[in-house]
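Protein sequence lines, in the order shown, are assigned to chains A and B.
So for the first sequence, the numbering used here puts the first residue at 2; every next one is plus one.
So for the second sequence, the numbering used here puts the first residue at 48; every next one is plus one.
Don't be surprised by glycine CBs; every beta carbon is placed ideally from N, CA and C.
Okay, so here's the structure we're looking at.
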Amino acid sequence: MTSPHQGATGETSFVVELSAFNGPLDLLLSLIRDEKVDIYDIPIANICKQFLERMHELALNDAADYLEMAARLLRIKTLMLLPRHEGLDQWEDPRAELVRRLLEYQQMREVVDVLERLGEDRRNRFARSWTQTLSAPPQAPLALSLAELLLAVDRVLRQARKPVMHDVVPRALDVDGAIAIVRAVLALRANARWRDVVRLDAEPWEVLSALLALLELARRSELKLAQSRPFSDVEICRELAGEAA
Amino acid sequence: MNSLAKLLEAALFASPRPIPTEELAVLDDEASKAAVQSALDELREHYNVDGHGVELVEQGGGWQILTRPEYTEAIERAQMAIRPHRLSGAALETLAIVAYRQPIGKAEIGEIRGVDVGAILKSLLERGLVEVVARGEGLGRPLLYGTTPLFLEQFALRHLEELPRIDELAIALRTSKPAEDEAGASTEPVPAGSA
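Quick look at the structure:
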């Protein structure tokens with residue numbers, strides 16, 4: 002019989018919907034149409050053979066739905082071969098169920114044609130906000146030569162500003178320097194304020210250095226720090242005891 | 048145009064979906080349904096007579112302002128709007144069966160199509176064209192599917208009855224049971240491949 006000849010179609014995967022047919026019934030109907038046979042009197046042996054051949058051609062061997070139909074056809078074929086007793090009118094055509102399904106399927110195909118036409122009609126009109134499928138717009142084909150592309154890249158790069166590259170260098174705090182400043186200020190007068198030891202436009206490292214210097218000197222009891230209320234100016238007083246020590 | 052027609056035009060312009068006549072009547076308490084209907088007719092006439100790029104269409108269970116088909120290509124080429132994807136043959140077959148036999152379960156659809164329809168049904172559900180409408184009586188109480196208003200809209204139908212009746216189709220089929228009435232089924236002279 003039609004032994005599966007696993008040659009060219011050896012490593013087929015599960016691709017059924019991609020084929021020209023929407024299923025075994027579709028394939029069967031097309032065979033019946035091609036052979037111009039009466040759907041109510043299908044020459045089952047012939048159709049069965051062709052079905053298997055087409056299955057093989059289309060590499061549908063491993064699609065369960067097609068295999069099931071093939072098995073069904075073979076079964077009908079064998080049933081048809083059984084001797085019929087003319088006298089008995091109980092003989093039921095083994096093809097009846099298949100015919101019914103084929104007709105049902107064909108009818109549905111007709112509805113599909115109607116739907117296809119209606120759907121295409123509607124597809125050609127936009128509603129005010131057809132939000133249903135606003136996925137990514139289709140990629141427009143690029144109609145550019147390589148030279149044009151390179152020119153464009155060049156133009157863009159020319160316009161782009163050179164990036165400003167920072168070199169970040171760690172700058173150590175200069176606490177000793179700040180201590181010297183504070184001492185110099187306090188040498189001149191007994192009371193000073195924060196502003197006297199830190200310039201208005203001081204950089205953060207200078208501010209921090211001054212702060213640490215003041216704390217350090219306060220620890221060494223060289224001065225006293227006071228602040229009348231939060232955020233007010235810091236008052237720095239020379240500590241006499243420290244000087245004496 | 049009278050003021051009711053203008054109001055309806057504004058509402059239809061603002062709405063993302065077709066609006067049925069009864070719903071439009073809510074816009075104006077004093078307007079009767081007949082007045083709404085005649086205002087809609089007036090609006091439709093207005094679009095048709097004065098020559099507009101859009102028209103008023105009754106479909107998808109209601110009224111909607113749609114662009115005229117002759118401008119679709121230009122609009123799409125300019126990528127200002129894109130048409131929804133065309134449905135595959137398998138999807139259309141499944142939709143056709145659901146439309147006519149709803150509520151219907153997955154197994155029955157598969158039986159008619161002769162293939163497993165799980166994946167297709169899932170994608171139709173995701174597209175909002177079918178929905179679960181009930182549960183069956185049988186084993187495991189299978190989910191039963193039906194079509195949605197969006198289905199009507201995408202196929203420009205006012206209601207399901209606008210689909211051709213089964214007996215209007217070229218292949219008239221007793222939809223109920225397999226023919227056992229007359230054993231002489233093979234004598235019926237039906238040309239094969241008449242579709």
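Residue i, enclosing alpha helix (DSSP H) - first and last residue
i	result
I144(B)	G136 to R148
R190(A)	No alpha helix (DSSP H) contains R190(A), which DSSP labels as neither H nor E.
R239(A)	First-last for R239(A): E236 to R239, but that is the beta strand (DSSP E), not the alpha helix (DSSP H).
R25(B)	Nothing about residue 25(B) can be read from this structure; chain B reaches only from 48 to 242.
G161(B)	Careful: G161(B) lies outside any alpha helix (DSSP H) and carries neither H nor E.
A227(A)	No alpha helix (DSSP H) holds A227(A); the beta strand (DSSP E) holding it covers L224 to A227.
R73(A)	A65 to L82
Beta-carbon gap between residue i and residue j smaller than 8 Å
i	j	result
E236(A)	Q228(A)	yes
V177(B)	V145(B)	yes
Q108(A)	L190(B)	no
A211(A)	V199(A)	yes
K78(A)	A46(A)	yes
L197(B)	G175(B)	yes
A214(A)	V183(A)	yes
R130(B)	E123(B)	yes
P63(B)	G109(B)	no
D193(A)	L201(A)	The sequence as given places Ala at residue 193(A); Asp does not occur at that position. Contact: no.
M81(A)	L29(A)	no
Residue closest to residue i, alpha-carbon to alpha-carbon, out of the options
i	options	result
D66(A)	I159(B), E208(B), L55(B) and E184(B)	I159(B)
F232(A)	L53(A), A214(A) and W195(A)	W195(A)
L216(A)	V176(A), D114(A), R76(A) and V154(A)	V176(A)
Q111(B)	L210(B), R130(B) and L55(B)	L55(B)
D214(B)	Y147(B), E117(B) and I66(B)	Y147(B)
Q51(A)	Y41(A), A64(A) and R34(A)	R34(A)
E98(A)	R110(A), F22(A) and R73(A)	R73(A)
V101(B)	D88(B), E89(B), E69(B) and Y118(B)	Y118(B)
E207(A)	V165(A), G178(A) and L218(A)	G178(A)
F22(A)	I43(A), E58(A), K37(A) and V38(A)	E58(A)
R1(A)	L224(A), K163(A), P205(A) and R96(A)	Because chain A spans 2 through 246 in this model, residue 1(A) falls outside it and cannot be assessed.
A181(B)	G165(B), L199(B) and Q149(B)	Q149(B)
L53(A)	L75(A), A191(A) and S222(A)	L75(A)
Whole-angstrom C-beta distance between residue j and residue i, which should lie under 8 Å
i	j	result
L32(A)	L103(A)	Not confirmed; about 11 Å, so no contact.
L243(B)	R126(A)	The displayed coordinates of chain B run from 48 to 242. Any statement about residue 243(B) would go beyond what the structure contains.
V100(A)	I48(A)	V100(A) to I48(A), Cβ: 12 Å. No contact.
A43(A)	R96(A)	First, the residue type needs correcting, since residue 43(A) is Ile and not Ala in the sequence shown. Sure, about 6 Å apart at Cβ, within 8 Å.
V113(A)	L210(B)	Between L210(B) and V113(A) the Cβ distance is about 11 Å, and since that is not below 8 Å, they are no contact.
Beta-carbon neighbours of residue i, restricted to chain E and to distances below 7 Å
i	result
I66(B)	Going by chain labels, chain E is absent from the structure shown, which instead holds the protein chains A and B.
Residue i, enclosing beta strand (DSSP E) - first and last residue
i	result
Y192(B)	L190 to T194
K215(B)	It is worth fixing the name first, because residue 215(B) is Glu in this sequence and not Lys. From DSSP, E215(B) is part of no beta strand (DSSP E); its letter is neither H nor E.
A144(A)	Segment: none, A144(A) is in no beta strand (DSSP E) and carries neither H nor E.
E102(B)	V101 to Q106
Report yes or no: do three or more beta-carbon pairs, one from the segment 160 to 171 of chain B and one from the segment 131 to 138 of chain B, lie closer than 8 Å? yes
On the three-pair Cβ rule with 8 Å, is the segment 48 to 55 of chain B touching the segment 77 to 89 of chain B? yes
Does the count of Cβ pairs from the segment 205 to 213 of chain B and the segment 96 to 114 of chain B closer than 8 Å reach three? yes
Would you check if the segment 148 to 155 of chain B and the segment 182 to 199 of chain B touch, i.e. whether three or more CB-CB distances between them fall below 8 Å? yes
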